[in-house]
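Residue numbers (our numbering): 3 to 124.
Below you can see the structure in the form of C-alpha coordinates.
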(Lines of atoms letter the chains of each structure in order from A and count residues from 1; the text may use other names and numbers.)
(Lines give C-alpha, C1' and ligand atoms only; values in the text may rest on other atoms or scores of the structure.)
Protein backbone atom coordinates (compact mmCIF):
# COMPACT_ATOMS: atom_id res chain seq x y z
CA UNK A 1 0.00 0.00 0.00
CA UNK A 2 1.18 3.48 -0.80
CA UNK A 3 1.49 5.82 2.16
CA UNK A 4 0.81 9.00 0.18
CA UNK A 5 -2.90 9.02 1.05
CA UNK A 6 -3.90 9.75 -2.55
CA UNK A 7 -7.12 8.28 -3.87
CA UNK A 8 -6.27 8.52 -7.56
CA UNK A 9 -3.08 8.24 -9.57
CA UNK A 10 -2.29 9.29 -13.13
CA UNK A 11 -1.07 6.88 -15.79
CA UNK A 12 2.55 8.08 -15.50
CA UNK A 13 2.53 7.48 -11.74
CA UNK A 14 1.06 4.01 -12.23
CA UNK A 15 3.58 3.13 -14.92
CA UNK A 16 6.41 4.24 -12.63
CA UNK A 17 4.97 2.37 -9.64
CA UNK A 18 4.77 -0.97 -11.47
CA UNK A 19 7.85 -0.53 -13.64
CA UNK A 20 6.35 -0.48 -17.13
CA UNK A 21 5.77 2.26 -19.69
CA UNK A 22 2.49 4.11 -20.17
CA UNK A 23 1.67 2.41 -23.47
CA UNK A 24 1.90 -0.97 -21.76
CA UNK A 25 -0.51 0.24 -19.05
CA UNK A 26 -2.99 1.21 -21.80
CA UNK A 27 -2.37 -2.16 -23.51
CA UNK A 28 -3.32 -4.06 -20.36
CA UNK A 29 -6.44 -1.89 -20.01
CA UNK A 30 -7.57 -3.15 -23.43
CA UNK A 31 -6.68 -6.77 -22.75
CA UNK A 32 -8.13 -6.96 -19.23
CA UNK A 33 -11.56 -5.32 -18.90
CA UNK A 34 -11.35 -5.88 -15.14
CA UNK A 35 -8.46 -3.41 -15.10
CA UNK A 36 -10.28 -0.24 -16.04
CA UNK A 37 -9.56 3.17 -14.55
CA UNK A 38 -11.94 6.08 -14.38
CA UNK A 39 -11.58 8.24 -17.46
CA UNK A 40 -12.45 11.92 -17.44
CA UNK A 41 -14.82 12.36 -20.42
CA UNK A 42 -13.60 15.91 -21.10
CA UNK A 43 -9.84 15.46 -20.86
CA UNK A 44 -9.52 11.71 -21.40
CA UNK A 45 -7.24 11.61 -18.35
CA UNK A 46 -7.13 8.26 -16.60
CA UNK A 47 -7.46 8.01 -12.82
CA UNK A 48 -6.35 4.80 -11.13
CA UNK A 49 -7.15 3.68 -7.60
CA UNK A 50 -4.87 1.58 -5.42
CA UNK A 51 -7.19 -1.35 -6.20
CA UNK A 52 -6.55 -0.78 -9.93
CA UNK A 53 -2.81 -0.69 -9.31
CA UNK A 54 -2.91 -3.87 -7.22
CA UNK A 55 -4.90 -5.57 -9.97
CA UNK A 56 -2.33 -4.50 -12.57
CA UNK A 57 0.44 -5.87 -10.38
CA UNK A 58 -1.43 -9.17 -10.19
CA UNK A 59 -1.78 -9.26 -13.98
CA UNK A 60 1.91 -8.52 -14.41
CA UNK A 61 2.79 -11.25 -11.92
CA UNK A 62 0.69 -13.81 -13.78
CA UNK A 63 2.18 -12.90 -17.15
CA UNK A 64 5.77 -11.99 -16.29
CA UNK A 65 6.56 -14.15 -13.25
CA UNK A 66 4.25 -17.13 -13.55
CA UNK A 67 4.63 -17.45 -17.30
CA UNK A 68 0.96 -17.28 -18.22
CA UNK A 69 -0.12 -16.10 -21.62
CA UNK A 70 -2.45 -13.10 -21.76
CA UNK A 71 -5.31 -15.46 -22.56
CA UNK A 72 -4.33 -17.75 -19.69
CA UNK A 73 -4.19 -14.84 -17.26
CA UNK A 74 -7.57 -13.57 -18.48
CA UNK A 75 -9.11 -17.02 -17.99
CA UNK A 76 -7.49 -17.41 -14.57
CA UNK A 77 -8.86 -14.06 -13.36
CA UNK A 78 -12.27 -14.76 -14.86
CA UNK A 79 -12.45 -18.18 -13.17
CA UNK A 80 -11.29 -16.68 -9.89
CA UNK A 81 -14.10 -14.14 -10.05
CA UNK A 82 -16.62 -16.91 -10.76
CA UNK A 83 -15.28 -18.87 -7.77
CA UNK A 84 -15.56 -15.79 -5.56
CA UNK A 85 -19.18 -15.23 -6.60
CA UNK A 86 -19.97 -18.91 -6.00
CA UNK A 87 -18.27 -18.80 -2.59
CA UNK A 88 -20.28 -15.70 -1.69
CA UNK A 89 -23.51 -17.44 -2.76
CA UNK A 90 -22.70 -20.56 -0.72
CA UNK A 91 -21.69 -18.45 2.29
CA UNK A 92 -24.97 -16.53 2.13
CA UNK A 93 -26.90 -19.82 1.98
CA UNK A 94 -24.98 -21.17 4.99
CA UNK A 95 -25.78 -18.01 6.97
CA UNK A 96 -29.44 -18.46 6.04
CA UNK A 97 -29.38 -22.09 7.25
CA UNK A 98 -27.58 -21.10 10.45
CA UNK A 99 -30.21 -18.43 11.16
CA UNK A 100 -32.99 -20.96 10.54
CA UNK A 101 -31.38 -23.48 12.90
CA UNK A 102 -30.95 -20.79 15.56
CA UNK A 103 -34.64 -19.87 15.25
CA UNK A 104 -35.55 -23.54 15.53
CA UNK A 105 -33.38 -23.92 18.63
CA UNK A 106 -34.95 -20.80 20.17
CA UNK A 107 -38.43 -22.19 19.46
CA UNK A 108 -37.53 -25.50 21.07
CA UNK A 109 -36.13 -23.70 24.11
CA UNK A 110 -39.48 -21.92 24.54
CA UNK A 111 -41.46 -25.17 24.71
CA UNK A 112 -42.50 -26.18 28.22
CA UNK A 113 -40.04 -28.62 29.61
CA UNK A 114 -41.68 -31.88 30.66
CA UNK A 115 -40.39 -33.09 33.96
CA UNK A 116 -38.34 -36.17 33.62
CA UNK A 117 -40.36 -38.89 35.30
CA UNK A 118 -39.78 -42.59 35.05
CA UNK A 119 -42.32 -44.35 32.90
CA UNK A 120 -44.88 -46.36 34.85
CA UNK A 121 -44.92 -50.05 34.11
CA UNK A 122 -47.90 -51.20 32.08
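Glycine included, every Cβ here is placed at the ideal spot set by N, Cα and C.
Residue i - DSSP class collapsed to helix/strand/coil
| i | result |
| --- | --- |
| residue 36 | coil |
| residue 125 | The requested residue 125 does not occur in the structure, where the chain is confined to residues 3 to 124. |
| residue 78 | helix |
| residue 113 | coil |
| residue 19 | helix |
| residue 71 | coil |
Contacts around residue i, its chain only, beta-carbon distance under 8 angstroms, and the 5 residues preceding and following it disregarded
| i | result |
| --- | --- |
| residue 12 | 47, 48, 49 and 50 |
| residue 59 | 20 |
Beta-bridge pairing of residue i - partner residues as DSSP gives them
| i | result |
| --- | --- |
| residue 2 | Since the first residue of the chain shown is 3 and the last is 124, residue 2 is not available in this structure. |
| residue 11 | 50 |
| residue 84 | Beta-bridge pairing links residue 84 to no other residue. |
| residue 41 | 48 |
C-beta atoms of residue i and residue j nearer than 8 angstroms
| i | j | result |
| --- | --- | --- |
| residue 65 | residue 75 | yes |
| residue 19 | residue 55 | yes |
| residue 37 | residue 29 | no |
| residue 72 | residue 32 | no |
| residue 24 | residue 8 | no |
Supposed contact pair residue j and residue i - C-beta distance, whole angstroms, cut 8 angstroms
| i | j | result |
| --- | --- | --- |
| residue 27 | residue 41 | With a Cβ gap of about 13 angstroms, residue 27 and residue 41 do not count as contacting. |
Cβ neighbours of residue i in the same chain (closer than 7 angstroms, five flanking residues each side left out)
| i | result |
| --- | --- |
| residue 80 | none |
| residue 10 | 49, 50 and 51 |
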